[in-house]
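In this note's numbering, the protein residues as written are 4 to 226. C-beta atoms are modelled at their ideal positions from N, C-alpha and C, and glycine is treated no differently.
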């Protein structure tokens, strides 16, 4: 459902708050909910009026982007409102649905009404040198996925995926190995042992993640 408020109006009200207004007075003046005003202001602080200018149709979100946002909330990096503002998600209800779906062990799928990926520039080809540079830049700037994506003209989900691979395997993890992966029986003994070690490591990490997730679910249910 389209908002009855224009981008200009929302920017104007947000600026009134930043100029010294209060949420109660503005809520009464414009007959708008306090929570709605808080969300407007949070986004306006980061993006300006651009936060309220939406392209035609529904927003598109990749599965990696959804997981990144859910993880930010469940790991305590920010509240629902913080993450909604930081990544300019359409509403807190959208993020809460992702969290509920994740906590129910249901898959977070790509969503794109026009079969487009999230954010302009997504899907463009990149060389390994550029992927390393992007991952390094993001890590050096407090894992600012959105800001990094804007600077390098790639998608937020691409940046998240490259940083995740860089964390796990360093620069080598960013190599494009599609079509070049050999089966275990085709490699030598040291490589087989290395792969087995990685598999065991991932299994242990997954078990730890399950334990941690159960804790987070219990915490979230008490919210």
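Separation of residue j from residue i, as counted between CA atoms
i           : j           : result
residue 139 : residue 166 : 8 Å
residue 97  : residue 109 : 15 Å
residue 147 : residue 91  : 13 Å
residue 176 : residue 84  : 33 Å
residue 77  : residue 66  : 16 Å
residue 124 : residue 157 : Reliability of the predicted coordinates at residue 124 is poor, the pLDDT of 45 falling under 50, and no value is obtained from them.
residue 241 : residue 174 : Lying before the first or after the last residue shown, residue 241 is absent from the chain, which here runs from 4 to 226.
residue 60  : residue 192 : Residue placement at residue 60 is flagged as unreliable, the pLDDT there being 47, under the threshold of 50; a coordinate-derived value is accordingly withheld.
residue 53  : residue 30  : 22 Å
residue 50  : residue 169 : 28 Å
residue 134 : residue 64  : 21 Å
residue 99  : residue 196 : 42 Å
residue 55  : residue 18  : 13 Å
residue 41  : residue 94  : 12 Å
residue 48  : residue 20  : 11 Å
Beta-carbon proximity check, residue i vs residue j, cutoff 9 Å
i           : j           : result
residue 105 : residue 80  : no
residue 71  : residue 163 : yes
residue 46  : residue 88  : yes
residue 1   : residue 43  : Residue numbering for the chain in the displayed model covers 4 to 226; residue 1 lies beyond these limits and cannot be assessed.
residue 131 : residue 178 : yes
residue 73  : residue 35  : no
Residue span of the alpha helix (DSSP H) that contains residue i, given as start and end
i          : result
residue 27 : 26 to 33
residue 71 : 66 to 77
residue 39 : 37 to 50
residue 55 : First-last for residue 55: undefined, no H or E at that position.
residue 10 : 10 to 21
Own chain, CB closer than 8 Å to residue i, minus 5 neighbours either side, in chain order
i           : result
residue 144 : 150 and 151
Length-filtered (3 minimum) beta strand (DSSP E) runs lying within the stretch 139 to 171: Taken in chain order, the stretch 139 to 171 contains no complete beta strand (DSSP E) segment of 3 residues or longer.
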